[in-house]
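Participant: For the sequence shown, this note's numbering begins at 2 and goes up steadily by one.
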Amino acid sequence: MTAILLLPTVELMIVGALCGIVGVFAVLKGRVFFTESITHATFPGAILGVVIAGRNGLFLGALLMCVGMSWLMRRLTRLSTQTAQASAGVVLTVGFALGYFLNKWFAPLPIRIEGFLAGSVLSVRLIDVIVSAVVLVVVVGIVNSFHTSLMLYCFDEPGFVAAGGKQHRAEALILGMIVATVVCVIPAIGTILSIALIAAPAAGLKTVVASPRQLIVAAPAAGVVISLAGLFIAVYFKLSVGGTIAIVAGVFYCLCMSLSCLKSPRTT
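(1) In the DSSP assignment, find the unbroken alpha helix (DSSP H) run with T208 in it and report its ends.
(2) CB-CB under 7 Å to A18, same chain, minus the five flanking residues each way: which ones, in chain order?
(3) Report the rounded CA-to-CA distance for V242 versus F147, giving the unit in angstroms.
(4) Does the contact criterion of 3 or more C-beta pairs under 8 Å hold for the region 40-47 versus the region 182-201?
(5) If you run the structure through DSSP and keep just helix, strand and coil, what is S241?
(6) Quick one, are the C-beta atoms of V122 and I190 less than 8 Å apart?
(7) K105: buried (16+ other C-beta within 10 angstroms of its C-beta) or exposed?
(8) With distances taken between CB atoms, is the gap from I179 to L59 smaller than 8 Å?
(9) Classify C255 as buried or exposed, calling it buried when 16 or more other Cβ atoms lie within 10 Å of its own Cβ.
(10) What's the gap between the Cα of L7 and the Cα of G166?
(11) Within its chain, find whatever has a CB closer than 8 Å to the CB of V125; leave out the 5 residues flanking it on each side and keep chain order.
(12) Using a Cβ-Cβ cutoff of less than 7 Å, which residues in the same chain neighbour V91 once the five nearest sequence positions on both sides are dropped?
(13) Once you ignore the five residues that flank L73 on each side, which residues in its own chain have a CB closer than 7 Å to its CB?
(14) Alpha carbon to alpha carbon, what distance is there between S212 and K30?
(15) First and last residue of the alpha helix (DSSP H) that includes V186?
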């Protein structure tokens, strides 16, 4: 049993840290709904990738679909009658519906639909771990190099622009990290449930930590703890690992909010 869990444990440690870091910027810049839309956009892309190139095509198909859907979302947002939330909602709905359509059209697929939606971390391969590790290294490098300017962009966009910052570059870095993360975590936690591990650590800890620097450190640590707790609870009770991780993430968020309420002074 220990040998079977070794690769999934390593994968979830990497994925938890990655989702925690990227989630900080998704939460602080208000890109959580964008992230949720992109998670649904990976669904049809992953199916097409598997159909065309087998399981090895999953990442490329999901990435290309994410890029296309992100472009569509930005184009819709630029229309005077559309808000960013409405555009994200359109992409979310179209992506998920297209995924189900393609799943039926190309049935039977070499990967079950549950593997796309909730992941199958117990079946991850070494290549999946390597891809996640590479993305984590790149994200850590970006955050280490640009965390000051990215934080300024998240908290004070006009001030960021006034200081000479390039708005499109900062936005591209944040969205790029989100897309890469959503794509590489598919084998572990799927296309749909990844939003829980991306949003919950940062959203919960945001209410209890004292500074953004502490949030950048605490969120990935929380992501790792949530992932491993979900894995071992699921294995012990013979549950879905992806679903259990999402539930643990929700419990973590509720605990953080409860702690925040206890710390806040009561008003009468």
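Built from N, CA and C at the ideal position, the CB exists for glycine as well.
The structure displayed is predicted, hence computed values, not measured ones.
Facilitator: Judging by the given coordinates:
(1) Locating residue 208 in the sequence shown gives position 207, counting from the first residue. From DSSP, T208 is part of no alpha helix (DSSP H); its letter is neither H nor E.
(2) Translated into positions along the sequence shown, residue 18 becomes position 17. Taken in chain order, the residues that qualify are L137, P221, G224 and V225.
(3) Within the sequence shown, residue 242 is the residue found at index 241, counting from 1. Within the sequence shown, residue 147 is the residue found at index 146, counting from 1. If I take the Cα positions, the gap works out to 34 Å.
(4) yes
(5) Within the sequence shown, numbered from 1, the residue matching residue 241 stands at position 240. S241: coil per DSSP, three-state reduction.
(6) Within the sequence shown, residue 122 is the residue found at index 121, counting from 1. Within the sequence shown, residue 190 is the residue found at index 189, counting from 1. A contact, by the Cβ cut-off of 8 Å.
(7) For the purposes of this step, residue 105 is identified with residue 104 of the sequence shown, where counting begins at 1. It counts as exposed.
(8) As a first step, residue 179 must be located in the sequence shown, where it is residue number 178. As a first step, residue 59 must be located in the sequence shown, where it is residue number 58. Contact flag unset, no.
(9) Residue mapping note: residue 255 aligns to position 254 of the sequence shown, counting from 1. By the neighbour-count rule (16 or more Cβ atoms within 10 Å), C255 is not buried but exposed.
(10) To locate residue 7, count along the sequence shown from 1; it is residue 6. To locate residue 166, count along the sequence shown from 1; it is residue 165. Going from the Cα of L7 to the Cα of G166 covers about 43 Å.
(11) Position 124 of the sequence shown, counted from the start, is the residue given in the question as residue 125. Answer for V125: L8, P9, E12, P188 and A189, listed in chain order.
(12) To locate residue 91, count along the sequence shown from 1; it is residue 90. Counting only Cβ-Cβ distances below 7 Å, and skipping sequence neighbours, we find L77.
(13) Your numbering for residue 73 matches position 72 in the sequence shown. Cβ within range, chain order: V92.
(14) For the purposes of this step, residue 30 is taken as the residue at position 29 of the sequence shown. For the purposes of this step, residue 212 is taken as the residue at position 211 of the sequence shown. When rounded, the distance between both Cα atoms is 15 Å.
(15) The residue given as residue 186 occupies position 185 in the sequence shown. V186 -> no alpha helix (DSSP H), and no H or E assigned at all.
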